[in-house]
Amino acid sequence: MKAPKRLLLVSLALLVSFAPILDFATAQVVEDGPRRVIDMKLQERARLSIERGLEFLKNTQNPDGSWTDKIGRKVHYEYRGRLGKHVGVTALACLSFLAQGSLPGRGKYGEQVEMGLDFLLRNVQTNGFITVNESRMYSHAFATLFLAEVYGMTGMERVKERLKSSVGLIIQAQNETGGWRYQPGADDADMSITVCQVMALRAARNAGINVPKNVIDAAISYVRNSSNIESGGFMYQHEVGPTGRVQRSRTTFPLTAAGITALYGAGIYEDRALDRGLAYLRRHRPRRYEALNTFDYYYGMYYATQAAFQRGGEYWASWHRDTWRDILSLQNPDGSWQDLVGPNYATAMACIILEIPYQYLPIFER
Numbered sequence: 119m120k121a122p123k124r125l126l127l128v129s130l131a132l133l134v135s136f137a138p139i140l141d142f143a144t145a146q147v148v149e150d151g152p153r154r155v156i157d158m159k160l161q162e163r164a165r166l167s168i169e170r171g172l173e174f175l176k177n178t179q180n181p182d183g184s185w186t187d188k189i190g191r192k193v194h195y196e197y198r199g200r201l202g203k204h205v206g207v208t209a210l211a212c213l214s215f216l217a218q219g220s221l222p223g224r225g226k227y228g229e230q231v232e233m234g235l236d237f238l239l240r241n242v243q244t245n246g247f248i249t250v251n252e253s254r255m256y257s258h259a260f261a262t263l264f265l266a267e268v269y270g271m272t273g274m275e276r277v278k279e280r281l282k283s284s285v286g287l288i289i290q291a292q293n294e295t296g297g298w299r300y301q302p303g304a305d306d307a308d309m310s311i312t313v314c315q316v317m318a319l320r321a322a323r324n325a326g327i328n329v330p331k332n333v334i335d336a337a338i339s340y341v342r343n344s345s346n347i348e349s350g351g352f353m354y355q356h357e358v359g360p361t362g363r364v365q366r367s368r369t370t371f372p373l374t375a376a377g378i379t380a381l382y383g384a385g386i387y388e389d390r391a392l393d394r395g396l397a398y399l400r401r402h403r404p405r406r407y408e409a410l411n412t413f414d415y416y417y418g419m420y421y422a423t424q425a426a427f428q429r430g431g432e433y434w435a436s437w438h439r440d441t442w443r444d445i446l447s448l449q450n451p452d453g454s455w456q457d458l459v460g461p462n463y464a465t466a467m468a469c470i471i472l473e474i475p476y477q478y479l480p481i482f483e484r
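Spelled out as C-alpha cells, the structure:
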C-alpha cells in the first residue's frame, strides 16, 4: 500500500474513532464499483449480528486484557487443548474491534482494544516471539498482524519497536522451503501456518516496516509449489521426491483458501493457481453444520471470504450471499459463535468475516 493511501486510512480511522457508536451503526459498506456488489439488506442483518458478537467479546475479556480459549493442536481430525490465556484469540478479538472502527483508547471498544494491546505487548519475548502458555506461530502471526494494523492506523511509537521485533522473528523463522511451521527453527513447513505469516508480513510492510523482498519471493515460491494441479486446491505440505517432482499431500478447503489468500497477500492477483483454487473453493464449500464439530470451519471461511472479496464480481456476490446466511444462522442467543477451539475464537472470526466489506482494516484492501 502506498504511503499517501495509508495516511488517508489513518486519518479516516481517527475520524471514525471519535464518533460515538455512529461509527458502525451508520457505516457504509465500500462497494468498490461493480467489482464488489453487496446485498445491503443482508449486510444490515450482519451489522446487528456483529454488534451482538462484539458485546459478547467485550464481556468475556479477562482483567489483564487477554481472552481465554483452548490452547492446543490438531491431532488428525481432532483438536486437543487446555483452556488458557490465548495470544492468538486475543489478537483476533482485538482485530474484530478494529474492523468495527475502534482504535486503542478510542471508539466504542477502545478500552478493550487498549487492554488487549497492552497484554500482547507485555508478552513479546526478547527474541520477538509473542507467546503465552506455549502458543505457537499461528498465534504469533495473528498478534503481529494486529500490531501492524494498530501501528499502520495510529503510528503509536510504543508499538513500533515490538512490531519490528515480532516481524524479525517471522523473517528468521522462514526456512529453506520458503514457508513456516509450528515453531521457529523448524526445517519443514505447511500451508496453514505459512499464510498467517505472509499476511502478517504484508500488514507490516503496509505499515512501513521493512520486509526483505527475498522473503516474500521465497514464500510465493512455496505457495505456488503447493498448488495441486489435478484437484485445483492447495496442499498441506509438499516435499520434493527422489525424481525432483513435488509429492502430493492432502488438499482441503481451508488449505486452498489459505493458499489463495497468501498469493493475494504477496501481491499476486493473476495466476492460474488462483483460478484453479477459487473453482475448488466453490466445489468444496463446507456445510454450515460442520462449524460446530470442527476446529477449522471459521479458519477456512476467514481466508476464503478474503479470497472471494479480492476476486470480486459475480464470485464475490454469490459468496457474500451464501456465506452471510450461513454465518448469521450459526450465532447463539448470547451473541457468540461456537466451535471446538472455543466461543471467543469462533466469535472473533465470525465477526471479522462479516466485517470484511467495511474495509476498516488495511489488510482487506487490494
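The opening residue of the sequence shown carries number 119 in this note's numbering; numbering runs sequentially from there.
Don't be surprised by glycine CBs; every beta carbon is placed ideally from N, CA and C.
This structure is a prediction, so every number in the text was calculated from the model and none was measured.
Given that a residue counts as buried once 16 or more other Cβ atoms are within 10 Å of its Cβ, and exposed if not, what is I347?
exposed
Report buried or exposed for S436, applying the criterion of at least 16 other Cβ atoms within 10 angstroms of its Cβ.
exposed
Beta-carbon proximity of V231 to N241, cut-off 8 Å:
no
Can you find the residues in the same chain that come closer than 8 Å, C-beta to C-beta, to T186, ignoring five residues on each side of it along the sequence?
T178, N180, L201, G202, K203, H204, V207, G460 and N462
Taking a contact to mean a Cβ-Cβ separation below 8 Å, would you say K188 touches G171 in this structure?
no
By Cβ distance, which residues of its chain are closer than 6 Å to Y417, with the 5 residues on each side in sequence left out?
P372
Which value, in whole angstroms, describes the spacing of the CA atoms of I139 and A164?
The predicted model places I139 with a pLDDT of 34, which falls under 50 and marks its position as unreliable, so this point remains unresolved.
Whole-angstrom distance between L448 and S454, CA atom to CA atom:
9 Å
Would you identify the three-state DSSP class for K176, choosing helix, strand or coil?
helix
Which one of S283, A321, Q161 and W434 has the shortest CA to CA distance from A397?
W434
Tell me which residues share the same chain as H438 and place their Cβ nearer than 7 Å to its Cβ, disregarding the 5 neighbours each side in the sequence.
I156 and D157
Quick one: which unbroken alpha helix (DSSP H) runs of 4-plus residues sit fully inside the stretch 247-286? Chain order, please.
255-272
From what residue to what residue does the alpha helix (DSSP H) around L213 run?
V205 to L216
Going straight from the alpha carbon of G377 to that of E388, what length do you get?
14 Å
Counted within 10 angstroms of its Cβ, other Cβ atoms place K159 as buried (16 or more) or exposed:
exposed
Let me know the alpha helix (DSSP H) ranges lying completely inside the stretch 403-433, each 4 residues or longer, listed in chain order.
415-429
Give the straight-line distance between the Cα atoms of V341 and M309, rounded to the nearest whole angstrom.
7 Å
Limits of the alpha helix (DSSP H) - the one that F352 falls within:
Unbroken run through F352: none, as it is neither H nor E.
Does the stretch 292-308 come close enough to the stretch 260-274 to have 3 or more Cβ pairs within less than 8 Å?
no
Classify T369 as helix, strand or coil using the three-state DSSP reduction.
strand
Could you give the residue range of the alpha helix (DSSP H) that holds D236?
G228 to R240
Status (buried if at least 16 other CB within 10 Å, exposed otherwise) for Y476:
buried
Just to confirm, are A239 and A466 a CB contact at a threshold of 8 Å?
Note that residue 239 is Leu in the sequence shown here, rather than Ala. No, these two residues do not count as a Cβ contact at 8 Å.
Alpha helix (DSSP H) containing I334: first to last residue?
K331 to N343
Range covered by the alpha helix (DSSP H) that runs through R394:
R390 to R401
Where does the unbroken alpha helix (DSSP H) through R224 begin, and where does it stop?
Taken as a continuous stretch (DSSP letters only), R224 belongs to no alpha helix (DSSP H), as it is neither H nor E.
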